[in-house]
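A.B. asks:
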Amino acid sequence: MSTAYERRVRRLREHVLANERKRKEELEKVLEPVEEVEEELSIDYLTKDEIIEKLREKGIDHNPRDKKETLFKLLVGD
């Protein structure tokens, strides 16, 4: 025969475990693969410094003294 305390502890444990399962299922839904949105480049929305940074990230040789338009052409490959 179990005491009232033991029954209460058992109910509480079951409650906690049930909530953990729910939370885990919700997290799995959130962590489903998300389509990666490709960033659209536009010369109007990028500063010269941002273009230079992106060129460095891609390892593209460039002259920082060039005009913004020239650097942008290097970035997009035109």
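Count along the sequence shown starting at 1, add 402, and that's the number in this note's numbering.
Each residue gets a CB set at the ideal place from its N, CA and C atoms; glycine is no exception.
None of these values were measured; they are calculated from a predicted model.
1) For residue 462, which three-state DSSP category applies?
2) Determine the DSSP secondary structure at residue 412, reduced to helix, strand or coil.
3) Assign residue 447 to one of three DSSP states: helix, strand, or coil.
4) Which residues in the same chain as residue 462 place their Cβ atom closer than 8 Å to its Cβ, once the five residues preceding and following it in sequence are excluded?
5) Along the chain, where does the alpha helix (DSSP H) containing residue 433 start, and where does it finish?
C.D. replies: Quick look at the numbers:
1) coil
2) helix
3) coil
4) 476, 477
5) First-last for residue 433: undefined, no H or E at that position.
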